[in-house]
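See structure below.
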Amino acid sequence: REQIGKLSLLIDTADTLLGGGIETQSITEFYGEFGSGKSQITHQLCVNVQLPKDNGGLHGRAIFIDTEDTFRPDRIDDMVRGLPDEVIQATMIDRGIDGDVDDAAALNELVDHVLNHIHVAKGFNSAHQILLSEKARELAGKYADTEWPVQVICVDSLTAHFRAEYIGRGKLAERQQKLNKHLHDLIQLANLHNTAIVVTNQVSSNPDSFFGDPTQPIGGHILGHSSTVRIYLRKSKGNKRIVRLVDAPNLPDGEAVIRIVEPGLKS
Ligand code: ADP
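Add 74 to a position in the sequence shown, counting from 1, and you land on the number used in full-length UniProt numbering.
Structural data, given as structure tokens:
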């Protein structure tokens, strides 16, 4: 079994909360209401995973399974340019890009390079989403022994299609069973290729709704699996967001504050 890798958010308080970062061989679930920052986090992780290991990354590529048409290459562009100067410099060296932070051509080359190492696949319905996780497994196999192995797979959103397709109490058991199978496939893939799996899950913001308890993801918590870390995101003032670790197997519960700004997720 390979050593577990840690993927940093490059935010000290949040990384400490997570025990150093998002772990490989594990599923990390970010849940929160619309606009809480779930997609922003997945974008940031697709950038950070590509950083050198000494800079909080895993020197790997990313797969982004996009079920709600949320992936924005422009946001990746912002986030690459928004990395700390010393991280940009180290990443350029790591990729053999000549130049520095003040060199526009070198920065453009870096952005292109990072975008080329994010494989985006749009999932049109739950069956297609499941199919894409099988394709992700093939892709992870293809790159396993290369310089840029797949080190993170993001599924944004994990649950939206399942929620839309399996409606009503009568379908609840079937939905949960399909979702559990999907997650089981993902965790196998995480273990096989020492990859981090990051999934998002929306909670209702309607306090009158049956599912109105904002600490409970719609459809209940995914998999009571020991290798699942759950993180609840909630809005605070302006661009601030509270990151709360919930029931992590080996870490104390706690919170950290982050901000969503143009250069990405920051302290
Ligand atoms: P969720 O996926 O949880 O619905 P998002 O990840 O899409 O939420 O987060 C949306 C938030 O991110 C919004 O509050 C928006 O203001 C912020 N955001 C998105 N893009 C930018 C940007 N370029 N600059 C600053 N904030 C941004």
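Where a beta carbon is used, it is the ideal one built from N, C-alpha and C, also for glycine. Predicted, not measured: the structure shown is a model, and the values here were computed from it.
### Query
By Cβ distance below 8 Å, which residues in the same chain neighbour S283 in space, the five residues on each side in sequence not counted?
The pLDDT assigned to S283 is 48, lower than 50, so where the model puts this residue is not dependable, and the model offers no usable value.
### Query
Going straight from the alpha carbon of V272 to that of V335, what length do you get?
If I take the Cα positions, the gap works out to 21 Å.
### Cβ neighbour criterion (16 or more within 10 Å) applied to G131
Burial call: buried.
### Message
Less than 8 Å separating the Cβ of F236 from some heavy atom of the ligand ADP?
### Response
Flag unset: Cβ of F236 not near the ligand ADP.
### Query
Start and end of the beta strand (DSSP E) containing G328?
Secondary structure note for G328: its beta strand (DSSP E) is the uninterrupted segment 328–335.
### Query
Cβ atoms of C228 and I139: under 9 Å apart, would you say?
Their beta carbons are under 9 Å apart, which means I139 touches C228 by this criterion.
### Query
What do you get for N122, buried or exposed, if any count of 16 or more other CB atoms within 10 angstroms of its CB means buried?
In the assembly as shown, N122 is a buried residue. Its beta-carbon has 16 or more other beta-carbons within 10 Å.
### Query
Got a sec? Which residues, its chain only, sit under 8 Å from S300 by beta carbon, not counting five neighbours each side?
In this prediction, S300 scores a pLDDT of 46, lower than 50, which makes its location untrustworthy; the coordinate-derived value is nonetheless stated afterwards. Excluding sequence neighbours, S300 sits near P323.
### Message
Among the candidates E221, L206, D143, L92, whose CA atom is the shortest distance from the CA of L325?
### Response
L325 has its Cα closest to that of L92, out of E221, L206, D143, L92.
### Query
Could you give the distance in angstroms between the alpha-carbon of T116 and the alpha-carbon of F145?
Rounded to whole angstroms, T116 to F145 spans 9 Å at the Cα level.
### Message
Just to be sure I understand the criterion: a residue counts if its Cβ is closer than 5 Å to at least one heavy atom of the ligand ADP. Which residues meet that?
### Response
Residues with a Cβ closer than 5 Å to any heavy atom of the ligand ADP, in chain order: F108, G109, S110, G111, K112, S113, Q114, I334, E336.
#### Entry: Continuous alpha helix (DSSP H) assignments of at least 4 residues falling wholly in the segment 140–180
Taking only runs of at least 4 residues, the alpha helix (DSSP H) segments lying wholly in the segment 140–180 are 147–155, 159–168.
### Task
Evaluate F198 with the Cβ neighbour count: other Cβ atoms within 10 Å of its Cβ, from every protein chain shown; 16 or more gives buried, anything less gives exposed.
F198 is exposed by the Cβ-count criterion.
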